[in-house]
Each structure stands twice: as structure tokens, then as C-alpha cells.
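Each residue of the sequence shown is one higher than the one before, counting from 1004 in our numbering. Every residue, glycine too, gets a C-beta built ideally from N, C-alpha and C. Just so we're clear, the structure is a prediction, and the values are computed from it rather than from any experiment.
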Amino acid sequence: MTGSQTTFIDEIQGRYGETFGEELQTLARSVAKPGISMLGFGAGESTRLLAEIADEYEGSLISLDNHKEHLISVAQSVQSHRVAFRWFDLEGPSESQADPEYAYGSYPLGLARKFDFIFVDGRRRVECALTAALVAAPGAIVVVNDHARARYTAMQNLFETQEVVGQFRVFRKPLVTKPLPDRRGERRAIIQVVSGSVGNWEFEITGESVAAYARQIGAKHIVRHFSDDTPPAALKYLVRPEFDAFDRVCLLDTDIVIRPGSPDIFDVVPSDHIGAWRQDRTFVEMSNGLNAEYRAHHGIKSPPPHQYINSGVLVLPRAHYNILEKGKARYHLGLPRHENSAVNAAIFDEGRPFFNLPYDFNFIPDPATFLDDRFGWFIHLAGAGKAKKGWQLAWRSTGNALGIDWLERANLAGRNTRLPRLRALVSSTAGSRTTAFDPDDFTYVAPSRIMLINGAAHICVEDKQNVDGIAVYGPYHSFKRGTYNLSFDFDPDLVDPKRKITFDIGSTHSQSLSFEKHECIAAGSIEFTLPHDVDGLEIRFYSDEEPLLIRGVLISETT
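Shown next as C-alpha cells:
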């Protein structure tokens, strides 16, 4: 585990009095059971206290807040992977009188999930208490902080029994409820569309998380592979024949990892609606540009510039399976490069019933803000998944019909470098906080020794070196003091898992190494300890007579 540092929660601890923590945990334990499901309105000290209960009983906690920066600070103070952090505006979208999206106080209503323990703090407490009553499981308790305020008395009419315990008011037996949807008999499928060599590598990493999710919700998991020369825009159309055996399908890109215990997406999306996330709410300029590009090349009606869906996660009911068939006629002039624009236009041009998925069902981390996978259910690593890009040139092997092979320069794109981050994401969702580094994060003694092999970037460690024998070095990332495991991401078809890799670990601010020169097999890992915070961790790979190709380096916190 990483060393002890003062966190944001440490600084605010005790704000509600010395007995706050003990009383809250005692109440939570009164209903605790293996797999306990908890919900907290308002993030802070209570989040860490309830996270400890979630860890103890192998349960889960959803921590909601309306203040994004505050929630990020709380998340950085809580290490548990059993916590899902969610930020929502107090009011939600107001584009029309029929906005289908939920807001801070109502978000849990859309999850089709019941909770055993609900803590109401933060804003809109009466509204949150109503939501709590609707999503409380049998035998659940709802605990309200600062309950004596006159403006909160209305919530007392929502429950049959109540009592004051310490500084909290505890409610039981809601007088209102919301039944869970009954999907018995509905045939559903989760379909992963695998495109080319990089898609195959991505599927090797993400496929098990999707298969486990399909088993969890009782859906069939279907995987369809396509060659590198299949037009990207046609991929989802080509799996259309798979749909007929099912009442609804969910199509997924292969660069998506699903967190264990995620809600049933088919219960979230109304059964007669198309479900997707409107990315224009987050990526405004890019979405406007894609819409403008589509209109210019197709000369057809298209949605207003501010409406653009991301079809990386796409839920379709049987009545709208033909949306992909209609889109086929729009795949011309080389645009769109993917099916997003055609599906987007078909939805809004034809007025098809559309449900905007909450952002956490197609969570594309913003590297400039935070990369915490606990903010999403379906984590979509579109692009490179990092804030700083060197975009060094790479070398790519090319041949022709004469059997002549040569190397040519090639530009790097996000898809070439994200494999290590997908692997780190799988590790993090399983509870081991992991940071990944790809070939573009390192510096090479021989200029640009990055190799593109079947579309994936590889660090090439070879007999090109400086006077110290170092061939590759970097990535100069900051780490807190603590103990870590270092491992490698590699393709076993290119590297013998028993192949030894020679490296050491140091810091840009000290000549003394944190870890002396060592040999480790490719399939292994090495544990190292940082006795103090390090601003600029350096990993140095030493030259080898036989070229060594690895896709990245993973550094995980120990537990």
C-alpha cells in the first residue's frame, strides 16, 4: 500500500463532531451483510467511513455530489475500488419540457437498483429523501444528517417509522416505493465488434470484463471479428444478422472495460428506446465539427449542431434494428469514418425514440481532469487516454508483391498506444490501482525506436545505447512514497514470456537509484519501494543483443 499522506478528507475530518464517524458506521453495520449496497448523497468524510464498510463486507457504495472538483478531491482521498463516484448537476438538462435525464437528487432512480443503507447529506435533502424512499431495499435504513432544520421536516412524511440516533435521524419502512423492472422472458445480447489486429489485442484485454457483465445480467455475450480491411463505418451494420434472435441488443466497441457490479444497462434504457450517450454534452467542439462535416458531404437534413451521440455503447430494441440498415446508404464519399454520424442523423432526422444514457455508461475519461475509472460503469478508452502526448514518429514494416520488406516512418495515433492503459484499467477495476505507460512516454537513445506492429506501438529495446548501456528511458511520472509492483505489457507471440528484461529505477532529482539494476522475466513483476515522494520516476532499459519489443509498462500500488 502506498505511504501515508495527508488527504483532503483528513483535513475536513471531525467537522461534524467527534462522534460522527463512530455513530455513522454503527448504523451502517446494523444493516450490514455480505454484498451490502450503499448510497450516499453528498461526498466527504462519510464517503471514506462507508467505503470501509463496503470493503469489510465486500459490498458497494455510490457516492454522489453536485460539486465536481470537491468530488474529485474526495475520490483522491479514498482508495477503495468498491466506491463509485458520480457527479451530477442539481437541476439537470433543460433543453425541453421532456428531458429524460436524471439529476443529482434523482440519479439513483434510473439504475433499477435497491440499496440497503442510504445516507442523505449535501444539497436537496428532501428531494434526496424521496429518492431514497423509492430505492430503499426491504429492511433498509435511511440516515439523514443535520435533520433538525425546519426545511427538512417534510421528509418525515415519507416513512412509517423514525428515530433520532445521536446526531442523525433514522428512517425505516418507506411509505412510497418504486418496483424494479420485470424483464423476465426478454432476450438480450451484448455484442462486441472486433476490428482488425488492434481490435483483437483490445478484445484479449477487455473481453472477460464484458463476458462477466453479460453473465451478471443474464444476457448472451457475442463476439464478431473483422479483418483490418473492413471499413470501420460498416462494422456494426455487418453484425446486423445476429440481432434477430434477441429482443434487444447492446453493441460495444472493444476499447471498453465494464466495472464489476455495474447496473443492468437494459433496465436503464426504456425498452422501446434507442440508448446512447450524447457526447456533445462534454465534447462540444468535436461534436459540432462532426455534424458540420456530415452535413457538408451528405447534403441531407441532420440534427442541430449540439446533438451528437457516441455509438461506442449503443442499445437497440427490435423495432429499431433497421437503423443500421438505413445507415448503409449513407456510407459514401469516405464519410463518416465510423457509424456515429450516420446513426446520429438517423435518430434525430426520423424522430426515433432516444434515451440519453448517463455519462457513466459511456465514460470517456478526460485526461486533463482525472482518469479515475471509479467515475464510470462502462469505461471507454477512446483516443490515447492520457493528457500529455509526444506523438513521436514510429517505424512500420512494409512489403510488396516482390517480397521486398522495408521500414517507413509512421505517425502515432491514440489507437496505437492505448493497449497498456486498457490493461491497467482492467487491473484498476479489479482493485489494484495501476498506472500505465506506452512507448510514446519514453525517450530513445537511437532516434524514434518505436515500432508499429499490426497497428500497436512497441518499445524497441535493442543494441543502440549511450555510454552507460541505456537504450530507453522515461517516463518521468510522479509517484507518492509507498510500495509498488512493476510489470510489462507484451505480446507473447513476439516475446518469450521467459525472456529477461534488464532495467533499473531512479529519479530525475537524485543519482541514487530507488531500485538497483535488475533482470526480470517478461511475464513477471518486480516489487520496489519509494521511501519518499518522487517527482519524475525514471525507468531505464539496458540494451540487448536481441531486440526486445514491449507495448508498455504497468506500475501498480500494492495492497
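- Spatial neighbours of E1245 in its own chain (CB-CB distance under 8 angstroms, excluding positions within 5 residues in sequence) are listed in chain order as A1192, I1194, I1225, R1227, V1252.
- By the criterion of a C-beta distance shorter than 7 angstroms, D1231 is surrounded in its chain by G1199, S1200, once the five residues flanking it on both sides are discounted.
- Taking D1499 as the centre and dropping the five residues before and after it, the same chain places the C-beta of A1525 closer than 8 angstroms to its C-beta, in chain order.
- In the three-state reduction of the DSSP assignment, P1442 falls in the helix class.
- I1268 has its alpha-carbon roughly 11 angstroms from the corresponding atom of S1274.
- Fully enclosed beta strand (DSSP E) runs of no fewer than 3 residues occupy 1191–1198, 1223–1229, 1251–1255, 1259–1261 of the stretch 1183–1263, in order along the chain.
- Here DSSP, grouped into helix, strand and coil, assigns N1325 to coil.
- Taking C-beta separations shorter than 6 angstroms and ignoring five residues to either side along the sequence, the partners of T1164 in its chain run R1175, K1176, following chain order.
- Residue environment for H1535: exposed (fewer than 16 other C-beta atoms within 10 angstroms of its C-beta).
- Residue pairing by DSSP places P1320 opposite R1251 in a beta bridge.
- According to DSSP, K1503 shares a beta bridge with I1524.
- Annotation: the continuous beta strand (DSSP E) that includes D1068 extends over 1063–1068.
- Taking W1380 as the centre and dropping the five residues before and after it, the same chain places the C-beta of R1262, S1265, D1363, F1364 closer than 6 angstroms to its C-beta, in chain order.
- The stretch 1054–1061 and the stretch 1122–1141 do not touch, with fewer than three beta-carbon pairs separated by less than 8 angstroms.
- Of the residues D1466, D1494, L1133, the one whose Cα lies closest to the Cα of E1549 is D1466.
- In this structure, the beta-carbon distance from A1279 to I1312 falls below 7 angstroms.
- If you draw a straight line from the Cα of V1475 to the Cα of K1520, it comes to about 14 angstroms.
- When the five nearest sequence neighbours on each side are left out, the beta carbons in the same chain lying within less than 8 angstroms of the beta carbon of V1197 are those of N1203, E1205, F1206, V1226, R1227, H1228, F1229, T1257, in order along the chain.
- In the same chain as Q1159, and ignoring 5 residues on each side of it, the C-beta atoms closer than 7 angstroms to its own belong to Q1165, in chain order.
- Under the three-state reduction of DSSP output, F1286 falls in the coil class, being neither helix nor strand.
- In the DSSP assignment, P1423 falls within the alpha helix (DSSP H) that extends over 1422–1432.
- Here C1463 has R1452, I1453, M1454, P1550, L1552 as same chain residues with Cβ atoms under 7 angstroms from its own Cβ, once five neighbours each way along the sequence are excluded.
- Per DSSP, reduced to three states, the secondary structure at S1040 is strand.
- The criterion of a C-beta distance shorter than 7 angstroms is satisfied by G1477 and T1446.
- As a beta-bridge residue in DSSP terms, R1281 pairs with I1312.
- Taking 7 angstroms as the cut-off, the beta carbon of P1111 is found closer than this to the beta carbon of L1042.
- With contacts defined by Cβ atoms closer than 7 angstroms, F1440 and G1555 form a contacting pair.
- The beta carbons of L1497 and I1208 sit about 16 angstroms from each other, so the pair does not count as a contact at 8 angstroms.
- The residue among F1122, Q1100, S1099, E1098 with its C-alpha nearest the C-alpha of G1108 is F1122.
- A Cβ-Cβ contact shorter than 7 angstroms links F1249 with R1190.
- Taking C-beta atoms as the reference points, I1277 and L1319 count as a pair closer than 7 angstroms.
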